[in-house]
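K.L.:
Residue numbers (the numbering used here): 1 to 706.
Written out as structure tokens, the structure reads:
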């Protein structure tokens, strides 16, 4: 057949299959996309080359039968992740999902789940079914859920896009992550056409069936790059009988890990915390048989060890995920033990890879001959996640291979920069600031205050009792001196009142100042203060254990229903008055103007941990919880979460060609069915379409002959 007509025939063939498959069921990834144009044919999509990667992953369904996940993890193709199908829409549940989802995690693989999406069915109910099956949560290092978009079911592109939006919004609102979109370039650009999802990770499907570092898939014009590429549906992988889909990651191990979720991983509060190897923020990756768990020594009397190898890419590794409530400088310490009898040849040069504020640093650490905490370094971390520490088994040379490396606890401690002699400004977003009490009562507000950010809370009467909500600025002075203390209070307070729902700003807000061995309490009327407001002058000693605390305690009942502000403080050095020295007569020196005291007028040094880049990319604030009741002493009445309305008879197929037991029986040898529809009607429609295509070509050729 002439190449001139190949796109026409393939286009008619694809259209016929999509039409005949519109009512099909129990489909898996690529069931329809495998019928599209081959990568060698010109398409209305663009080729996008990725970063050379040796990391692979597979996606599975019940058609793979019983999978030996330990063998999958040990496959020489470097399988690092696996994604299990949860269902085909609302009609076909995957009978192997629960087992696969559990075993993938146990094998040390990064796991995920996908749903074959049916745009003609209720999109929210489809999403709710997936959420229900994964327990309405993700665990540490899980991939976000995947929506498999490859069927239009005779809907318009606008209708398909609207349905996809509903599914994505539902999943994103429940889990707080951006789902991954699986599709083909030709299908999306012809049957969805939306550019609204360009910032969602793209899982592209196209099947040259082989992959090299120079391969470049033709992705949809609506994306600029791809995250995962499914390049074959006919792969052979250890532990699986028959064929399976295989995928490649666009990038390195770190790029794959960036897609994962913190799950049950707790945030790192401003005071810091310890992440042990038993913590939800820790993930041990790779073949589990090479990760030895030891009891009796290490932090909390337990640790993990493995051995280094010379490999192109890491195999076994430990990852500690960091999700900071506030940006700032933090010291990272690592717990090491050498007491266990199992540790006979501990590595003296292990790379520690630290991702912090968009920067990846590597530090070489000697793990031998040490007991207890060992400092790794001090780094500036951004607020939010996508930051971590990784230790892996990749050896650089013969001298470092075969050595034991230890996976144990990590300690994160805030570092508060000292106050220099000239003074400084301390913002409430720095490491020197710590919020006290229940964090939900400390609300954040942007676009107002110093550096366009502040914290507010509500006052209450605490006569005879301690304050409930506080904001403490810890002070560590480089040298002793007298300083004027100022607090920043915005002049326009209307946004704060609007956010709090209160009628007025605190008129009797208490500031507690510890300076040296003394403690002073000053009451401030924040309702009249504007800009830098002087709290008073205080003598501070060199060193730490000094502070400024803003409290919600109000002594007068008339002030207890107000809102108070926590924002930056400033310390201005107070210079000695030359007139205090009787031997110094300023009148004797005509050039000495006592009114021009250079030292006294020196501006304080502003130490700002937040770079412009961080400000531009600052995520949503931890303290901002618009869903909370503004009155901090009232309970939230809207605490009952909506229960997903999922059809309990999801396994009952509605297609006339399917039976109630998921309609398609698994072959005894567990081989995967041929790509395409699973109904005889589909074959008839396809055959009819091909006859139509052949007839059209015959007519066209006769006309050309004439």
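Think of the CB as a built atom: it goes at the ideal place given N, C-alpha and C, for glycine as much as any other residue.
#1: In three-state terms, what does DSSP make of residue 470?
#2: Check whether the Cβ atoms of residue 475 and residue 384 sit closer than 8 Å, and answer yes or no.
#3: Grouping DSSP H, G and I as helix and E and B as strand, with all else coil, what is residue 385?
#4: Can you grab the Cα-Cα spacing for the pair residue 393 / residue 379, in whole Å?
#5: Quick one: what does DSSP say residue 33 is sitting in, helix, strand or coil?
#6: Excluding the five sequence neighbours on either side, which residues of its own chain have a C-beta within less than 8 Å of the C-beta of residue 300, listed in chain order?
#7: If you compare alpha carbons, which of 511, 407, 283 and 148 is closest to residue 294?
#8: So is the beta-carbon of residue 103 under 7 Å away from any non-hydrogen atom of the ligand GDP?
#9: Which runs of the beta strand (DSSP E) fall wholly inside the segment 271 to 321 and span at least 3 residues, in chain order?
#10: Identify, in the order they occur along the chain, each residue of the same chain with its Cβ nearer than 6 Å to the Cβ of residue 361, setting aside the five sequence neighbours on each side.
#11: Please report the straight-line C-alpha distance between residue 609 and residue 358, rounded to a whole angstrom.
#12: Tell me the DSSP secondary structure of residue 356 in three-state form.
#13: When the Cα atoms are used, what is the spatial distance from residue 226 to residue 483?
#14: By DSSP's criteria, residue 212 is part of a beta bridge. Which residues make up the other side?
#15: Nearest to residue 271 by CA position, among 290, 331 and 396, is which residue?
#16: Excluding five sequence neighbours on each side, which residues of the same chain lie with their C-beta closer than 6 Å to the C-beta of residue 387?
#17: Between residue 113 and residue 149, is the Cβ-Cβ spacing less than 8 Å?
#18: Excluding five sequence neighbours on each side, which residues of the same chain lie with their C-beta closer than 7 Å to the C-beta of residue 71?
#19: When you compare the CB positions of residue 167 and residue 204, do they come within less than 8 Å of one another, or not?
#20: Quick check on the DSSP output: what are the complete beta strand (DSSP E) runs of length 3 or more inside the segment 442 to 512, in order along the chain?
#21: Residue range of the beta strand (DSSP E) that residue 407 falls in?
#22: Does the pairing of the segment 444 to 455 with the segment 412 to 422 give three or more beta-carbon distances under 8 Å?
#23: Which partner residues does residue 339 have in the DSSP bridge list?
#24: Under 8 Å between the Cβ atoms of residue 552 and residue 470?
#25: Once DSSP output is grouped into helix, strand and coil, what is the label at residue 220?
#26: Contact between the segment 437 to 448 and the segment 526 to 541: three or more CB pairs below 8 Å?
#27: Does DSSP classify residue 370 as helix, strand or coil?
#28: Rounded to a whole number of angstroms, what is the C-alpha to C-alpha distance between residue 9 and residue 49?
#29: Under three-state DSSP, which class holds residue 100?
#30: Cα-Cα, which of 516, 287, 268 and 290 is closest to residue 280?
#31: Does residue 225 have its Cβ less than 8 Å from a Cβ in chain D?
#32: Can residue 172 and residue 119 be called in contact, C-beta distance under 8 Å?
#33: Rounding to the nearest angstrom, what Cα-Cα distance links residue 56 and residue 187 in this structure?
#34: Which two residues bound the contiguous alpha helix (DSSP H) that contains residue 80?
#35: Would the beta-carbon of residue 347 fall within 8 Å of that of residue 400?
#36: So the candidates are 185, 514, 194 and 202; which of them puts its Cα closest to the Cα of residue 219?
P.N.:
On the basis of the supplied data:
#1: Your numbering for residue 470 matches position 470 in the chain shown. In this structure, residue 470 counts as strand in the three-state DSSP scheme.
#2: Position 475 of the chain shown, counted from the first residue, corresponds to residue 475. Position 384 of the chain shown, counted from the first residue, corresponds to residue 384. Not closer than 8 Å, so no.
#3: Counting from 1 along the chain shown, the entry for residue 385 is found at position 385. Of the three classes helix, strand and coil, the one that applies to residue 385 here is strand, per DSSP.
#4: Stepping through the chain shown from its first residue, residue 393 is reached at position 393. Stepping through the chain shown from its first residue, residue 379 is reached at position 379. The straight-line gap from Cα to Cα measures roughly 24 Å.
#5: For this step, residue 33 is matched to residue 33 along the chain shown. Three-state DSSP puts residue 33 in a helix.
#6: The residue given as residue 300 occupies position 300 in the chain shown. Cβ within range, chain order: 276, 278 and 409.
#7: Counting from 1 along the chain shown, the entry for residue 294 is found at position 294. With distances taken between Cα atoms, residue 294 lies closest to 407.
#8: In terms of ligand content, the structure shown is empty, and the ligand GDP therefore cannot be addressed.
#9: 273 to 275, 282 to 285, 292 to 295 and 302 to 307
#10: Your numbering for residue 361 matches position 361 in the chain shown. Excluding sequence neighbours, residue 361 sits near 354.
#11: Looking up residue 609 in the chain shown gives position 609. Looking up residue 358 in the chain shown gives position 358. Residue confidence is low: residue 609 scores 35 on pLDDT, short of 50, so the model does not pin down where it sits. No coordinate-derived value is stated.
#12: Indexing the chain shown from 1 puts residue 356 at position 356. Three-state result, residue 356: strand.
#13: Residue mapping note: residue 226 aligns to position 226 of the chain shown, counting from 1. Residue mapping note: residue 483 aligns to position 483 of the chain shown, counting from 1. In a straight line, the C-alpha of residue 226 is about 56 Å away from that of residue 483.
#14: For the purposes of this step, residue 212 is identified with residue 212 of the chain shown, where counting begins at 1. The partner list for residue 212 (beta bridge, DSSP) is empty, contrary to what the question assumes.
#15: Reading the chain shown from its first residue, position 271 is the one you call residue 271. With respect to the C-alpha of residue 271, the residue from 290, 331 and 396 having the closest C-alpha is 331.
#16: The residue given as residue 387 occupies position 387 in the chain shown. Around residue 387: 322, 355, 356 and 381.
#17: As a first step, residue 113 must be located in the chain shown, where it is residue number 113. As a first step, residue 149 must be located in the chain shown, where it is residue number 149. No, these two residues do not count as a Cβ contact at 8 Å.
#18: One-based indexing of the chain shown puts residue 71 at position 71. Closer than 7 Å at Cβ, skipping near neighbours: 238 and 239.
#19: Indexing the chain shown from 1 puts residue 167 at position 167. Indexing the chain shown from 1 puts residue 204 at position 204. No; because the gap between Cβ atoms is not below 8 Å, this pair is not in contact.
#20: 443 to 446, 453 to 458, 470 to 477 and 481 to 489
#21: Position 407 of the chain shown, counting from 1, holds the residue named residue 407. Element bounds for residue 407: 404 to 407.
#22: no
#23: Counting from 1 along the chain shown, the entry for residue 339 is found at position 339. In DSSP, residue 339 forms no bridge with anything.
#24: In the chain shown, residue 552 corresponds to position 552, counting from 1. In the chain shown, residue 470 corresponds to position 470, counting from 1. For residue 552 and residue 470, yes; Cβs fall inside 8 Å.
#25: Here residue 220 refers to the residue found at position 220 of the chain shown. Per DSSP, reduced to three states, the secondary structure at residue 220 is coil, with no helix or strand assignment.
#26: no
#27: One-based indexing of the chain shown puts residue 370 at position 370. In the three-state reduction of the DSSP assignment, residue 370 falls in the coil class, being assigned neither a helical nor a strand state.
#28: By one-based count along the chain shown, residue 9 stands at place 9. By one-based count along the chain shown, residue 49 stands at place 49. Low local confidence applies: a pLDDT of 41 at residue 9 is under 50, so the model's placement there is unreliable, with the coordinate-based value given in what follows. Computed Cα separation, rounded: 28 Å.
#29: What you label residue 100 is simply residue 100 of the chain shown in a count that begins at 1. Looking at residue 100 - three-state DSSP - the assignment turns out to be helix.
#30: By 1-based counting over the chain shown, the position of residue 280 is 280. The shortest C-alpha separation from residue 280 is found at 268.
#31: The structure shown contains no chain D; it holds only a single protein chain.
#32: In the chain shown, the residue the question calls residue 172 occupies position 172. In the chain shown, the residue the question calls residue 119 occupies position 119. Taking 8 Å as the Cβ cut-off, residue 172 and residue 119 do not qualify as a contacting pair.
#33: Along the chain shown, one-based indexing puts residue 56 at 56. Along the chain shown, one-based indexing puts residue 187 at 187. Going from the Cα of residue 56 to the Cα of residue 187 covers about 24 Å.
#34: For this step, residue 80 is matched to residue 80 along the chain shown. If you look at residue 80, you'll find it isn't in any alpha helix (DSSP H); it sits in the beta strand (DSSP E) that goes 79 to 88.
#35: Locating residue 347 in the chain shown gives position 347, where the first residue counts as 1. Locating residue 400 in the chain shown gives position 400, where the first residue counts as 1. Cβ distance < 8 Å, so residue 347 and residue 400 count as in contact.
#36: Residue 219 sits at position 219 when you count from the first residue of the chain shown. Closest in C-alpha terms to residue 219, from the list 185, 514, 194 and 202, comes 185.
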